[in-house]
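Novice: Top to bottom, those sequences are chains V and D. Sequential numbering from 77 applies to the first sequence in this note's numbering. Sequential numbering from 15 applies to the second sequence in this note's numbering. We put the beta carbon where it would ideally sit given N, CA and C, even for glycine.
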Amino acid sequence: EPEVTQTPSHQVTQMGQEVILRCVPISNHLYFYWYRQILGQKVEFLVSFYNNEISEKSEIFDDQFSVERPDGSNFTLKIRSTKLEDSAMYFCASIGGEADTQYFGPGTRLTVL
Amino acid sequence: AQKITQTQPGMFVQEKEAVTLDCTYDTSDPSYGLFWYKQPSSGEMIFLIYQGSYDQQNATEGRYSLNFQKARKSANLVISASQLGDSAMYFCAMRSYRSGNTPLVFGKGTRLSVIA
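#1: Residues of the segment 42-61 of chain D in Cβ contact with chain V at a cutoff of 9 Å, in chain order, please.
#2: For the ligand SAM, any of its heavy atoms closer than 7 Å to the Cβ of residue 139 of chain V?
#3: Mind listing the chain D neighbours of residue 74 of chain V? Cutoff is C-beta to C-beta under 8 Å, in chain order.
#4: Check the Cβ-Cβ distances between residue 121 of chain V and every residue of chain D, and say whether any is below 8 Å.
#5: Which first and last residues belong to the beta strand (DSSP E) in which residue 168 of chain V is found?
#6: Grab me the residues of residue 154 of chain V's own chain with a C-beta within less than 6 Å of its C-beta, minus the 5 sequence neighbours each way, in chain order.
#7: Would you please verify whether the beta carbon of residue 117 of chain D is less than 8 Å from any beta carbon of chain V?
#8: So which of D:122, D:120, D:103 and D:118 has the shortest CA-CA distance to residue 128 of chain D?
#9: Residue 40 of chain D lies in the beta strand (DSSP E); which residues open and close that run?
#10: Where DSSP assigns a beta bridge to residue 107 of chain D, which residues make up the other side?
#11: Curious, which full-length beta strand (DSSP E) runs of at least 3 residues does the segment 89-153 of chain V contain?
#12: With DSSP as the reference, label residue 99 of chain D as helix, strand or coil.
#13: Would you kindly report the start and end of the unbroken beta strand (DSSP E) that includes residue 81 of chain D?
#14: Quick one: which chain V residues come within Cβ less than 8 Å of residue 24 of chain D?
#15: Touch check for the segment 179-187 of chain V and the segment 77-86 of chain D: three-plus C-beta pairs under 8 Å?
#16: Would you say residue 123 of chain D lies against chain V (beta-carbon separation less than 8 Å)?
#17: Contact check, residue 181 of chain V vs residue 169 of chain V under 8 Å by CB: the rounded distance?
#18: Can you tell me where the beta strand (DSSP E) with residue 90 of chain D in it begins and where it stops?
Rendered as structure tokens:
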């Protein structure tokens, strides 16, 4: 069964550094999402992406964040200058199937020191 | 704006028993979908079950069923014959179908512990 994949599974970085989180959505899906989950809290929407552009973004998704689909398969989230409060699990999701169900990747745990 | 409320931070259930996890929602959109996800300790989000706002029947998926009461705006998850592997966080989520592919809005989750 096809699945969303994410790399790396865990990233540790120093405050102020740039990080790129990578996702490979399910191949025939067209809508892609990034969510984050701060430890012990609920999942929060960051941004959605369709047809090579952002379709919706939340207040969390400020100028420090950017998304890109550099090729036909990868979907990336970049944080330009990480802050301590960016430490979280970041999930990529893509839509397809019945009811436009969002299928989530396994997540990348980002730790900012 | 949409909102999901899960009032049970934690639940315990005996193995092989059934358990109901509560979820209420708030939306002004007439068309929406309700979802349940399971998050085990490993962290991934696993899709369990879906209910559309216009579906006449409650959704079922194996041991999972969704008790959908539209007038009360509730979408409780029922897990029958609980297994030890069901121990996890469970999140209720919804999305509006007002336009395009809107993002999911999640509740705070319920931690289910299955006791042998």
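Specialist: Reading off the structure:
#1: Sequence-ordered contacts of the segment 42-61 of chain D with chain V read 47, 49, 51, 53, 56, 57, 58, 59, 60 and 61 [C-beta pairs closer than 9 Å].
#2: Only the bare structure without any ligand can be found here, which leaves the ligand SAM out of the picture.
#3: Since the displayed chain V opens at 77 and closes at 189, residue 74 of chain V lies outside it and no answer follows.
#4: Yes, its Cβ sits closer than 8 Å to a Cβ of chain D.
#5: Residues 164-172.
#6: Only 96 and 142 meet the Cβ criterion.
#7: Yes, because at least one Cβ of chain V sits closer than 8 Å to the Cβ of residue 117 of chain D.
#8: Cα-wise, what sits closest to residue 128 of chain D is D:103.
#9: That run of the beta strand (DSSP E) goes 38-40.
#10: Residue 107 of chain D has D:49 and D:120 as its beta-bridge partners, per DSSP.
#11: Within the segment 89-153 of chain V, the complete beta strand (DSSP E) runs of at least 3 residues are 95-100, 107-113, 120-126, 129-133 and 141-144.
#12: DSSP places residue 99 of chain D within a helical segment (H, G or I) once states are collapsed to three.
#13: Taken as a continuous stretch (DSSP letters only), the beta strand (DSSP E) holding residue 81 of chain D covers 78-83.
#14: None at all; the shortest Cβ gap to chain V is about 12 Å.
#15: No, because fewer than three Cβ pairs between the segment 179-187 of chain V and the segment 77-86 of chain D fall closer than 8 Å, the two stretches do not touch.
#16: At least one chain V Cβ lies under 8 Å of residue 123 of chain D.
#17: That pair is a contact at about 7 Å.
#18: Element bounds for residue 90 of chain D: 88-93.
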